[in-house]
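Using our numbering, you'd call the opening residue of the sequence shown number 743 and step up by one each time. C-beta: ideal position from N, C-alpha, C; glycine also.
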Amino acid sequence: MDIQNVLDNLKVRGFEPFYFENRQDAIDKIVSLVGEPTTIGFGGSMTIHELNVMDILEEKGHKIYSHSKVSPEERDHVYQLAQSAKFYISSTNALTEQGEFVNIDGAANRVTTFTFGVKNVIFVLGTNKIVPSVTKAIDRIRNYAAPKNCVRLKKNTPCATLGRCVNCNSDDCICNTTVISHHPTSKQDHVYVIIINEELGY
Ligand code: SF4
Numbered sequence: 743m744d745i746q747n748v749l750d751n752l753k754v755r756g757f758e759p760f761y762f763e764n765r766q767d768a769i770d771k772i773v774s775l776v777g778e779p780t781t782i783g784f785g786g787s788m789t790i791h792e793l794n795v796m797d798i799l800e801e802k803g804h805k806i807y808s809h810s811k812v813s814p815e816e817r818d819h820v821y822q823l824a825q826s827a828k829f830y831i832s833s834t835n836a837l838t839e840q841g842e843f844v845n846i847d848g849a850a851n852r853v854t855t856f857t858f859g860v861k862n863v864i865f866v867l868g869t870n871k872i873v874p875s876v877t878k879a880i881d882r883i884r885n886y887a888a889p890k891n892c893v894r895l896k897k898n899t900p901c902a903t904l905g906r907c908v909n910c911n912s913d914d915c916i917c918n919t920t921v922i923s924h925h926p927t928s929k930q931d932h933v934y935v936i937i938i939n940e941e942l943g944y
């Protein structure tokens, strides 16, 4: 994988990519992109969790909207607050070498927020999530990331036990909607992309 080619393809599409060899430089960049204390929504993301970005930004005075910080009863309200925040920080399930983001959601709070709700988005990902094509991205999500997430989230889906996708119709399915982001949408001001040369999330 030629990272410069990926960065060039992202720029041509209108995304604003940055590449870092280590996580500390990446975190510093995220902090500087967000700037003065503001409102920030977060999606559920192991990458963000591993980088501790949420706590770092909260300590700097930002108001954080994340369902991971509230009770199950409060989650729908926090999803709405995240959709009206100034920034939204999320990982992506996959990024193609051509510069397209591929994401599959169960509740769609994440994909709807980063496609429409919020004007400034920061995608954060490790190089392990870069794949050659959309087809490979969907295969990676369905047969690698989703089974792991189903185990983590204690979902009653076939992949949680099989470790691979069988295109289930389960009530617990986390693959209810697939979104491919080719460009920032016409309503977005900035879609920053922070790529870190590490294995992060899944
Ligand atoms: S469609 Fe169902 S079986 Fe396939 S990865 Fe998603 S949750 Fe698992």
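In the structure shown, residue 758 falls within a strand segment according to DSSP collapsed to helix, strand and coil. Relative to the ligand SF4, the nearest heavy atom lies less than 7 angstroms away from the CB of residue 888. Less than 8 angstroms separates the beta-carbon of residue 824 from that of residue 784. Here residue 804 is actually not in contact with residue 821; their C-beta atoms are around 18 angstroms apart, not less than 8 angstroms.
Non-local beta-carbon contacts of residue 827 in its own chain, meaning distances under 7 angstroms to residues more than five positions away in sequence, involve 781, 782, 783, 807 and 860 in chain order. Burial of residue 752 is indicated by the presence of at least 16 other C-beta atoms within 10 angstroms of its C-beta. The C-alpha of residue 909 lies about 18 angstroms from the C-alpha of residue 850. Distance from the CA of residue 853 to the CA of residue 924, rounded to the nearest whole angstrom, comes to 13 angstroms. Proximity of the region 922-941 to the region 756-775 meets the contact definition, three or more beta-carbon pairs being nearer than 8 angstroms.
Within the model, the alpha-carbon separation for residue 748 versus residue 840 is close to 6 angstroms.
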